[in-house]
């Protein structure tokens, strides 16, 4: 409680040293984490993702209380202002910091948003790294039944999230376009009734796209997400289609889709394969020349058929080299005035540079599985992630939450979900708990299980850890060494949040 | 100091004063060596940890590799000990912070200082209506 | 610009507030008749009183009068004045201005080094409040924007909320801009009370001078002010109040300016507007000029980085009180003609400038202390 204190008689000006609330220079540490990013520089990151880069040895001086408030005035001010140290055991702005922490974890407020419907497992492509698809005419066995579509929609609208996304995947989703239409129209009716937002996405290789389908997509505001791995000689090798060029079909499909739906209603996803690794510049150029505003440099997932195909195995190290070369190319475009992003970097940069976060399934903590995404498989199985259903194709049902016949509570809060929840927060994982990049990274129990045989994972030889640590480190080093890059990165981060 | 860090039979051995290094920090440090090395912690005497790492691979390390590894282990132990200090010193405030983050402001602190002017103003007089 | 004048009062016992007019047909019970020279006959209807330049005045019906006023030229029909028992006539509202401000109090709990209107330690709150209570109903309903400043308006306590509530009722279409140091809102009940008003046309302009408490507290000459202001901003955001952060540019605020911009984006991303303001050479500033002066030309880099960073992150940013010729051209798009008409001026050489119409110019009082780099553009 404060009292009226009409005690200040004088309005005489006082010097700055009289406004020091802590003349003894004794300070308390606040939670933050440390990492060496180059031979000369170290980084400290606070509990809400703000970082400072420091010259070697500074972290030790901070911890050992060797800072001098006078001599290190600028650093001392930075550390206080950015919540690394405090002059009180409980910092005066702890409630502000708590609000910022809540903002970083805001994705938890909404719960599951993305609902993937594997509408058909059938496909007319025979991609060598494909994890799940079947070339077959057997609709009964490999298409999602109307009954299961109904149940999936019912469960989707039980999500507390005020805005849900319904994404149709395959196989090749367009092989079951009639069922998509049924699902879209039913979901639209319910969304209207219950007053929820609804986004609809069809993932397709575009081989089967035509004006009629696109007119329907236009009428129902359906987004198109396709695959494009790079130039023809990369794409067609990756994505084999008997008696046709997958690339030609994709390009034609993108053009037609843009014409009918609008330029920004069509996105493309790129998967890096062993072959792609030789063409970082060419892949970027392909995306740039096609008028995309960015590219997501995804490494191939270690699931399903991919694990068994030698052809698609490559080391993380090689991917990182590829990634850096591609990022260099992207930065060249930006230097010459174009806006073109790398979307993995954009996710990290949003976490690093902004007070906000982005929900991205394997780069959040708690992980995005169940919290952010759920998969309804063609056969009625319900899985924690897209990768989880791919494991199931190899008879690994570790991440099967149940079936569409189960109750919402059993699926989302049941035994399996609780088991996964034990280790879906990197704050509580060995190796991650004191990692400086914890706030920028995430937990991925499915990946750990698929690559290392247990959900908990072992960080020292985890490719997930190796890849994310190096990309985050590299992004920070880049922008700390070149102000032009920092400005570009800031512009990417901004658009990710608005 | 009676114990000298050393490289012996392809094994890197580092000694750490128990009054300066926490046991937790030593294990957190060695965790990161676990993919390529056999690791071991024991007491050299009642005041000294003996920390050792030895390659799992049967290939012998070169002299240079061994020296680099010794240096890396020494540095890592210091780094992890500092991290451990931060973790432990800040545990309470971190718990408080997270509890506050997932509350609705009902545990807010009172602001520091007062807001009165020389004529006398009391913000709390506004409270009662 | 003349805002007060004085004459000899007759019959006036308390503060009167009324509109002025020179047209007897416009008179009503809330207006004064202005008499520049003699008139033949006073209107017979009911009106508030007479303000006259005449040297002699003969009271007929016990009306309120101030006479022997040196000039009434500054008053336009529709302006609102207060008339005191001492014969003081203060202009409270000018109908032809976009910059009308209610002075809530001259009391303040801060004592900023560069305060343009130094505080006074006397309790003037009741008298100002009484005058405003009479003034607000007289303000035209189409008034676009009304400012409330001080001193520190929140020192009014409950009366602060009463005042806002009255304005909200009487002037529902008017934008209200309150200048406050925000410190009182560190106490949640203050922010909560403001939230209860549910006043969407209200914007609070709150100063912040550094990201580090000691620098801010020194500039505002008040311990804990930084922490209180930040907590206040957060409490106000909790109740969805519209907020503007105001940064005065001078030697004490420039060194951490780019850090302050980052701090605002990270910790106060909810603010609607961030303004960077040139120093006013008035109030305390001349006394503290050694501690404050830095030529605006010499802080281009810091200002540019701060402004472009915040704008780049999607925040709405303005530069106030700074002539175009001392700003790098890339910052022109952020410069606003911010100086109220009655205190706005230009240097003699500015008359030759081709950008004069786009330029906000200077405060009248800054003609004495201005950048060394003011140059007319000749196109």
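Chains as they are written, first to last, in my numbering: chain A, 300 to 797; chain B, 2 to 130; chain C, 173 to 551. Cβ coordinates follow ideal geometry from the N, Cα and C atoms, glycine included. Treat the numbers as computed from the prediction; the structure is a model and nothing was measured.
Residues sharing a beta bridge with residue i, DSSP
i	result
residue 502/A	524/A
residue 465/A	414/A and 499/A
residue 594/A	641/A
residue 192/C	204/C
residue 433/A	421/A
Endpoints, the alpha helix (DSSP H) within which residue i is located
i	result
residue 689/A	685-691
residue 388/C	385-392
residue 754/A	Unbroken run through residue 754/A: none, as it is neither H nor E.
residue 406/C	397-410
C-alpha gap between residue i and residue j, whole angstroms
i	j	result
residue 504/A	residue 792/A	29 Å
residue 394/A	residue 109/B	6 Å
residue 349/C	residue 641/A	42 Å
residue 318/A	residue 512/C	34 Å
residue 624/A	residue 579/A	6 Å
residue 610/A	residue 666/A	Because the pLDDT at residue 610/A is just 39, under 50, the model does not fix this residue reliably, and the value given afterwards should be weighed accordingly. One C-alpha to the other measures close to 30 Å.
residue 581/A	residue 505/C	39 Å
residue 59/B	residue 683/A	41 Å
residue 17/B	residue 24/B	10 Å
residue 102/B	residue 404/A	9 Å
residue 607/A	residue 693/A	Low confidence applies to residue 607/A: its pLDDT is 41, below 50, so where it sits in the model is not reliable enough to give any reading.
residue 547/A	residue 645/A	29 Å
residue 387/C	residue 326/A	18 Å
residue 551/C	residue 328/C	51 Å
residue 440/C	residue 408/C	11 Å
Cβ of residue i within 8 Å of any chain A Cβ
i	result
residue 113/B	yes
residue 45/B	no
residue 509/C	no
residue 279/C	no
residue 200/C	no
residue 31/B	no
residue 101/B	yes
residue 486/C	yes
Any C-beta of chain C under 8 Å from that of residue i
i	result
residue 506/A	no
residue 1/B	With chain B represented from 2 up to 130, any question about residue 1/B goes unanswered, as that position is not in the structure.
residue 395/A	yes
residue 330/A	no
residue 104/B	no
residue 116/B	yes
Min CB distance residue i to chain B below 8 Å
i	result
residue 356/C	yes
residue 403/C	yes
residue 400/A	yes
residue 439/C	no
residue 395/C	yes
residue 294/C	yes
residue 760/A	yes
Same chain, Cβ closer than 6 Å to residue i, five either side skipped, listed in chain order
i	result
residue 346/C	315 and 318
residue 753/A	none
residue 443/C	415 and 417
residue 303/A	Confidence at residue 303/A is low in this model, with a pLDDT of 47, below 50, so the placement of that residue should be treated as unreliable; the coordinate-derived value is given next. Within the same chain, residue 303/A has no close Cβ partners at all.
residue 254/C	187, 189, 262, 264 and 303
residue 787/A	633
residue 762/A	615
residue 351/C	321 and 377
residue 180/C	239, 240 and 259
Proximal residues to residue i (C-beta, below 7 Å), its chain only, five neighbours per side dropped
i	result
residue 632/A	587 and 639
residue 629/A	583, 639 and 641
heavy atom of the ligand PLP below 7 Å from residue i C-beta
i	result
residue 233/C	Among the ligands in the structure shown, none appear at all, so the ligand PLP cannot be discussed.
Delimiting residues of the beta strand (DSSP E) encompassing residue i
i	result
residue 645/A	Where residue 645/A is concerned, there is no enclosing beta strand (DSSP E), although the alpha helix (DSSP H) it sits in stretches over 642-652.
residue 556/A	Run containing residue 556/A: none in the beta strand (DSSP E); it sits in the alpha helix (DSSP H), 545-560.
residue 40/B	38-46
Cβ shell of residue i (< 8 Å), same chain only, five flanking positions each side left out
i	result
residue 343/C	308, 311, 313, 315 and 318
residue 483/A	465, 499, 519 and 521
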